[in-house]
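So the protein sequences, as listed, match chains A and B.
Everything in the first sequence is counted per the numbering used here, starting at 164 for the first residue and increasing by one.
Everything in the second sequence is counted per the numbering used here, starting at 1281 for the first residue and increasing by one.
Just so you know, even glycine gets a beta-carbon here, dropped at the ideal spot from N, CA and C.
Computed from a prediction, not measured in an experiment: that's the story for all the values here.
For reference, the structure discussed in these notes is given below.
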Amino acid sequence: DTEVTQTPKHLVMGMTNKKSLKCEQHMGHRAMYWYKQKAKKPPELMFVYSYEKLSINESVPSRFSPECPNSSLLNLHLHALQPEDSALYLCASSHRTGQRYGYTFGSGTRLTVV
Amino acid sequence: KNEVEQSPQNLTAQEGEFITINCSYSVGISALHWLQQHPGGGIVSLFMLSSGKKKHGRLIATINIQEKHSSLHITASHPRDSAVYICAVDPHFGNEKLTFGTGTRLTIIP
Chain A
164 DTEVTQTPKH
174 LVMGMTNKKS
184 LKCEQHMGHR
194 AMYWYKQKAK
204 KPPELMFVYS
214 YEKLSINESV
224 PSRFSPECPN
234 SSLLNLHLHA
244 LQPEDSALYL
254 CASSHRTGQR
264 YGYTFGSGTR
274 LTVV
Chain B
1281 KNEVEQSPQN
1291 LTAQEGEFIT
1301 INCSYSVGIS
1311 ALHWLQQHPG
1321 GGIVSLFMLS
1331 SGKKKHGRLI
1341 ATINIQEKHS
1351 SLHITASHPR
1361 DSAVYICAVD
1371 PHFGNEKLTF
1381 GTGTRLTIIP
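Here it is as structure tokens:
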């Protein structure tokens, strides 16, 4: 298995909703990443997990809450989002943060906040 | 901070043409990634380069560490190659943040 699987592919949520994005990989990668990508822009790093521990938080608002329950799974919990949070959310994984071999992106979740 | 520049920003070519996309960066790196993104889609990692040249099918990536420059070539281009191609650099092993270029939008006309 050489994929990073993200679910759901599309999500529409209201500003008062609570939802979660899920990311899964079974490549034995110990580094996992969340990115946010607005249209026609490069991805922006949000969070990095290394060996299931949060190692980087790029000053992301607290309405985004990451969780790494085990080495294969990464979640992004969403609460009280704003319309400007609408974007493509990408998950990625790599061998380790210090050796970024096998850097693999998921196909993303397209989030619309209404 | 590493500045990553790609050229051209947009490229339209006829099917079958040889395509070259360039990436330059300002600070020494440990590795460079070439990524592909189809419209509305996720990102596919094409290559990770530390030196020299790599080939996969019709895609060839080269890097010149001294000149801080990399190129992505597509031979016998096909409409399905139409996508945004992004280069991203790893400043140092151990640094956890890639720096992305702004991408090259490639359109191949049948």
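query, result
"Can you list the residues of chain B that Gly191/A reaches, using a CB-CB cut of under 8 Å?", "Within 8 Å Cβ-Cβ: nothing; Gly191/A doesn't reach chain B, min ~16 Å."
"Per DSSP, Pro229/A is paired with what?", "Leu239/A"
"If we ignore side chains and look at the alpha-carbon of each, how far apart do Thr1384/B and Gln1286/B end up?", "7 Å"
"Please work out which residues of its chain come closer than 8 Å, Cβ to Cβ, to Ser1251/B, disregarding the five sequence neighbours upstream and downstream, and give them in chain order.", "Residue 1251/B is absent from the model: chain B starts at 1281 and stops at 1390."
"Candidates Gln1289/B, Glu1295/B and Lys1281/B: which alpha carbon is nearest Ala1389/B's?", "The amino acid occupying residue 1389/B in the given sequence is Ile; Ala does not appear at that position. When only C-alpha atoms are compared, the closest one is Glu1295/B."
"Provide the residue(s) that pair with Gly1332/B in DSSP beta bridges, ordered along the chain.", "Ile1343/B"
"Check whether the Cβ of Val1324/B lies closer than 9 Å to any Cβ atom in chain A.", "yes"
"Measure the alpha-carbon distance for Leu239/A versus Glu1297/B and round it to whole angstroms.", "42 Å"
"Based on Cα-Cα distance, which residue from Pro224/A, Gly269/A, Lys203/A and Glu187/A lies nearest to Asn1290/B?", "Lys203/A"
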